[in-house]
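Just below is one structure, and these are the notes that go with it.
Number of protein chains: 2
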Amino acid sequence: MPKLDICFSPELLPLYDLRGQVAVIVDILRASSTIVTALGEGVTHVFPVASLEECTAYGLQHGCLTAAERDGIQAAGVDLGNSPFGFLDAARPVRGRALTISTTNGTTALRRSLAAAEIVVGAFLNLEAVADFARHQQRDVLVVCAGWKGQFCLEDTVFGGALAERLAEDFDVRSSDATLAALHLWQQGKADLSAYLLQSSHVRRLNSLEASQDFEFCLQMDTYASVLPIWRDDRLVRN
Amino acid sequence: MPKLDICFSPELLPLYDLRGQVAVIVDILRASSTIVTALGEGVTHVFPVASLEECTAYGLQHGCLTAAERDGIQAAGVDLGNSPFGFLDAARPVRGRALTISTTNGTTALRRSLAAAEIVVGAFLNLEAVADFARHQQRDVLVVCAGWKGQFCLEDTVFGGALAERLAEDFDVRSSDATLAALHLWQQGKADLSAYLLQSSHVRRLNSLEASQDFEFCLQMDTYASVLPIWRDDRLVRN
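Going down the list, the sequences are from chains A and B.
Residue numbers for the first sequence follow numbering that gives the first Met the number 0, so the first one is 0 and each next one is one higher.
Residue numbers for the second sequence follow numbering that gives the first Met the number 0, so the first one is 0 and each next one is one higher.
Pasting the structure below:
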């Protein structure tokens with residue numbers, strides 16, 4: 000039976016051997032949720048980059064949409080902020096366009112996971128897509144929490160617990176303390192996930208109206224249940 | 000109000016600024032529990048070292064008791080294994096002796112925490128001694144989980160949650176997701192801590208009779224409620 004493990008921070012990735020494994024990159028608030036939404040709404044592919052400078056450079060080079068924020072507000076010189084709602088605006092259809100998105104924590108997590116056999120992006124919005132892919136791969140799975148500047152982050156961890164619960168019959172979810180802890184936290188919080196995560200300082204920092212809408216959106220389960228962003232060459236495409 | 004934070008692995012210590020803080024080194028199974036027991040039973044001071052070789056060298060150099068294990072069994076050429084019961088044997092009194100103990104994870108955690116203003120050792124056995132020290136110091140506290148080869152470990156984390164619960168009125172225990180998660184896990188497990196931790200693979204690995212006795216012993220609360228190992232120069236002494 001393959002194993003499901005959870006890495007709480009990209010800083011801990013050197014402890015894991017990702018070769019032959021599936022890496023699930025998670026940055027619930029908001030990079031992975033936004034990327035799932037973008038591909039779900041018809042974006043053709045996504046280049047995740049760390050900095051605003053790379054974002055605008057890729058945008059010029061590939062002629063694609065650009066998304067970036069500074070201090071929670073859409074950055075100057077780009078098309079969109081990092082909110083999933085940017086991809087749900089009927090006035091600015093995104094279908095058929097490519098996207099470059101600036102996300103520091105998520106990009107770090109992804110770049111450090113390149114040794115994996117497959118790299119996918121997970122969010123509550125596409126939880127079933129991730130679970131389904133994992134079941135078919137029958138490889139060991141490592142959930143890579145993007146965290147917050149390298150630190151442990153409750154919402155990414157709880158996602159790992161939710162995935163472990165869905166895969167409990169097909170995967171060994173009991174041989175890692177990290178997975179056990181994530182399962183416990185998910186089971187404790189799932190009845191009212193929003194209230195549970197609102198205790199987190201990281202979440203409380205997102206206190207503007209727009210951020211609060213984003214937060215509720217990112218906690219929706221399986222809104223894009225068949226959308227699986229997967230890494231191919233230098234970009235994320237829909238599997 | 001000072002802050003209580005928890006570092007889940009020595010590998011994450013570079014993310015924290017320990018200057019001016021109190022570091023609480025935790026390796027519940029079993030280094031920190033054994034060190035608390037040793038000092039509680041009259042050992043004068045403890046040199047924690049990483050390897051068996053250092054252990055025997057220190058033993059010769061300082062003429063002290065030596066404790067070390069290989070694969071869960073007392074190593075050749077030393078006086079004791081790493082069990083707290085080695086310090087409770089009336090046939091071999093330890094009062095007045097010094098001790099060198101080989102503990103890989105615990106020593107790594109301690110050596111990487113040397114920037115802290117004060118370094119103490121925490122276990123369930125001396126939880127109140129740690130809480131009391133923290134209240135009097137009024138400095139930020141970082142619980143440094145020794146973990147298991149750098150990885151997240153449930154029993155050390157749950158100790159952090161227990162400490163956070165005791166200090167909740169005097170410390171900010173809500174501004175770090177790691178502390179929040181540890182508090183949740185502690186509150187979930189405390190009614191039957193032994194059963195809760197027995198789910199852990201790391202704990203299940205300790206499946207011999209002796210290890211099982213050690214496990215139950217290490218989960219006792221406040222058996223040494225006034226014993227606080229504190230780092231002075233190159234050794235741990237009783238505060």
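C-beta: ideal position from N, C-alpha, C; glycine also.
Every value quoted in this text rests on a predicted model; they were computed, and no experiment measured them.
Am I right that residue i and residue j are in contact with their C-beta atoms under 8 Å? What's the rounded C-beta distance?
i	j	result
LEU227 of chain B	ALA128 of chain B	4 Å
ALA145 of chain B	ASP26 of chain B	4 Å
VAL45 of chain A	LEU126 of chain A	About 19 Å; that fails the 8 Å criterion.
PRO1 of chain B	ASP171 of chain B	7 Å
GLY85 of chain A	ALA115 of chain A	GLY85 of chain A to ALA115 of chain A, Cβ: 29 Å. No contact.
LEU59 of chain B	VAL93 of chain B	Their Cβ separation, rounded to whole angstroms, is 18 Å, which puts LEU59 of chain B and VAL93 of chain B out of contact at 8 Å.
ARG173 of chain B	GLN150 of chain A	About 15 Å; that fails the 8 Å criterion.
VAL236 of chain A	ARG138 of chain A	That pair is no contact at about 20 Å.
ARG165 of chain B	ALA130 of chain B	4 Å
ALA180 of chain B	THR156 of chain A	7 Å
LEU11 of chain A	LEU11 of chain B	7 Å
Take residue i and list the residues in its own chain whose beta-carbon comes closer than 7 Å to its own, dropping the five residues that flank it on each side.
i	result
ALA190 of chain A	none
THR241 of chain B	Outside the shown range of chain B, which is 0 to 238, sits residue 241 of chain B, and nothing can be said about it.
GLY95 of chain B	GLY41 and THR43
VAL120 of chain A	ILE24, SER31, ILE34, VAL35, PRO228 and LEU235
ARG111 of chain B	PRO9 and LEU12
ALA37 of chain B	VAL45, PHE86, VAL93 and LEU98
Of all Cβ atoms in chain B, is any one closer than 8 Å to the Cβ of residue i?
i	result
THR156 of chain A	yes
ALA180 of chain A	yes
SER101 of chain A	no
GLN20 of chain A	no
SER199 of chain A	yes
PHE187 of chain A	As written in the sequence, residue 187 of chain A is Gln, which differs from the Phe given in the question. Yes, GLN187 of chain A lies at the interface with chain B (some Cβ there is under 8 Å from its Cβ).
For chain A, is any of its Cβ atoms less than 8 Å away from the one on residue i?
i	result
GLN150 of chain B	yes
LEU184 of chain B	yes
LEU153 of chain B	yes
GLN60 of chain B	no
Assign residue i to one of two classes, buried (16 or more other C-beta atoms within 10 Å of its C-beta) or exposed (fewer than that).
i	result
HIS135 of chain B	exposed
ILE118 of chain A	buried
ALA89 of chain B	exposed
GLU154 of chain B	buried
LEU184 of chain A	buried
ASP213 of chain B	buried
ILE72 of chain B	exposed
SER225 of chain A	exposed
GLY160 of chain A	buried
ASP16 of chain B	exposed
LEU113 of chain B	exposed
GLY19 of chain A	exposed
ASP4 of chain B	buried
ARG91 of chain A	exposed
ARG69 of chain A	exposed
GLY188 of chain B	buried
GLY62 of chain A	exposed
ALA194 of chain B	exposed
GLY39 of chain A	buried
Between which residues of its own chain and residue i is the CB-CB distance below 8 Å, once the five residues before and five after are set aside?
i	result
ALA56 of chain B	none
ARG251 of chain B	Residue 251 of chain B is absent from the model: chain B starts at 0 and stops at 238.
CYS240 of chain B	Absent from the model: residue 240 of chain B. The displayed extent of chain B is 0 to 238, so no value can be given.
GLU215 of chain B	SER193
Could you tell me whether the Cβ of residue i comes closer than 8 Å to any Cβ of chain C?
i	result
LEU59 of chain B	Protein chains in the displayed structure are A and B, and chain C is not among them.
Sorted by chain position, which residues of the same chain lie with C-beta nearer than 6 Å to residue i's C-beta, five sequence neighbours on each side aside?
i	result
ARG231 of chain B	none
LEU222 of chain A	Reading the sequence as shown, one finds Thr at residue 222 of chain A and not Leu. Same-chain partners within the cutoff: LEU124.
LEU192 of chain B	LEU218
ALA108 of chain B	PRO9, ILE24, VAL143 and ALA145
LEU51 of chain A	ALA67, ALA74 and SER101
ASP78 of chain B	LEU64 and THR65
GLU53 of chain B	none
ASN238 of chain B	LEU227 and ILE229
Exercise for the section: Give the residues from the region 1 to 15 of chain B that approach chain A closer than 7 Å (Cβ to any Cβ), ordered along the chain. Expected result: PHE7, SER8, GLU10, LEU11 and LEU14
Problem - chain B contacts from the region 165 to 177 of chain A (Cβ-Cβ distance under 8 Å) - result: ARG173, SER174, SER175, ASP176 and ALA177
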